[in-house]
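Beneath this line is the structure, given in structure tokens, with notes to follow.
In this note's numbering, the protein residues as written are -6 to 301.
Here is the structure:
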């Protein structure tokens, strides 16, 4: 039986914003300390959901009001909102966020607004702060395969009390779920062996034998990836245990399609930039640094309160 790996995706943003292009040589340089333009939010609404739109516009407004962006320097601020239907999940999906473009005064793409004395940065090293609503893309979950098994993502920390998970090789994601239900669950040894026993070949036969030899209560413990030769299912011993999980296909309430039921927050960053406190101190004007400061300064409990 194959375990579904997280999907490999490329950095996506809104079509109406400037596309993220191949990195230019200037991307390795520090941005210039110049005032940046804050642009009005561009919107693409393919599913009418006025209350959802109002809430997310409020989030975007709050993000732009944090101290880091009240008078932006070295970056221009672009915000976007898209709302689309999700027939597979029977809910409304949305993506909102900011795109910070670094300002290099002498770059050919840099625009200077004579009326305001502010600059627009260039897209080569733009950094998105991405908020996805009711969207499983960043989690690597495929709703078309509801019974697929996954490796439980590693929780690598918290942010303002909210869990931060590592999904695949992407930058860590702040995950905000509904309080009354789980997005995934750990499967039991019995469930896993039962699935394996349906497979043809030696593994299926071995799973049948092990299923029939389980001691009382042993099948109720969580199933993990095997770590020893000859194991069909792991014992979940040790700190490096990798649990097998199934996502909850009943997580989304189709009776409330426009409700905010799931939120993921992610900051994109070029592979050559490793966000850390040392990096932030050494590169205070960098768009990556500024995006992380925006995330730090915003009160994400306000978003958590919107999740139903």
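The beta-carbon is built from N, C-alpha and C at its ideal position, and this holds for glycine as well.
What span of residues does the alpha helix (DSSP H) with residue 239 cover, start to end? Run containing residue 239: none in the alpha helix (DSSP H); it sits in the beta strand (DSSP E), 237 to 240.
State the beta-bridge partners of residue 125 as determined by DSSP. The bridge partners DSSP lists for residue 125 are 88 and 257.
Residue(s) in a DSSP beta bridge with residue 71: 92
Exposure label - residue 110; buried when at least 16 CB within 10 Å: exposed
Okay, do the stretch 267 to 282 and the stretch 178 to 185 touch, 3+ Cβ pairs below 8 Å being the bar? no
Run through the stretch 162 to 192 for me and flag every whole beta strand (DSSP E) of 3 or more residues, listed as ranges in chain order. 166 to 170 and 177 to 179
Spatial neighbours of residue 150 in its chain, beta-carbon cut-off 6 Å, leaving aside the 5 residues before and after: 157
Residue 134 by DSSP, collapsed to three states: which one? coil
Quick one: what does DSSP say residue 271 is sitting in, helix, strand or coil? helix
Return the bridge partner residues of residue 35 from the DSSP annotation. 73
Buried or exposed (CB count within 10 angstroms, at least 16 for buried), residue 86: buried
Sorted by chain position, which residues of the same chain lie with C-beta nearer than 8 Å to residue 285's C-beta, five sequence neighbours on each side aside? 260, 268 and 273
Terminal residues of the continuous beta strand (DSSP E) containing residue 106? 104 to 106
In whole angstroms, what is the alpha-carbon distance linking residue 290 and residue 173? Answer to the nearest angstrom: the Cα atoms are 28 Å apart.
Distance CB(residue 77)-CB(residue 39) smaller than 8 Å: yes
Burial state of residue 237 (16 or more Cβ within 10 Å): Here residue 237 is buried, its C-beta having at least 16 other C-beta atoms within 10 Å.
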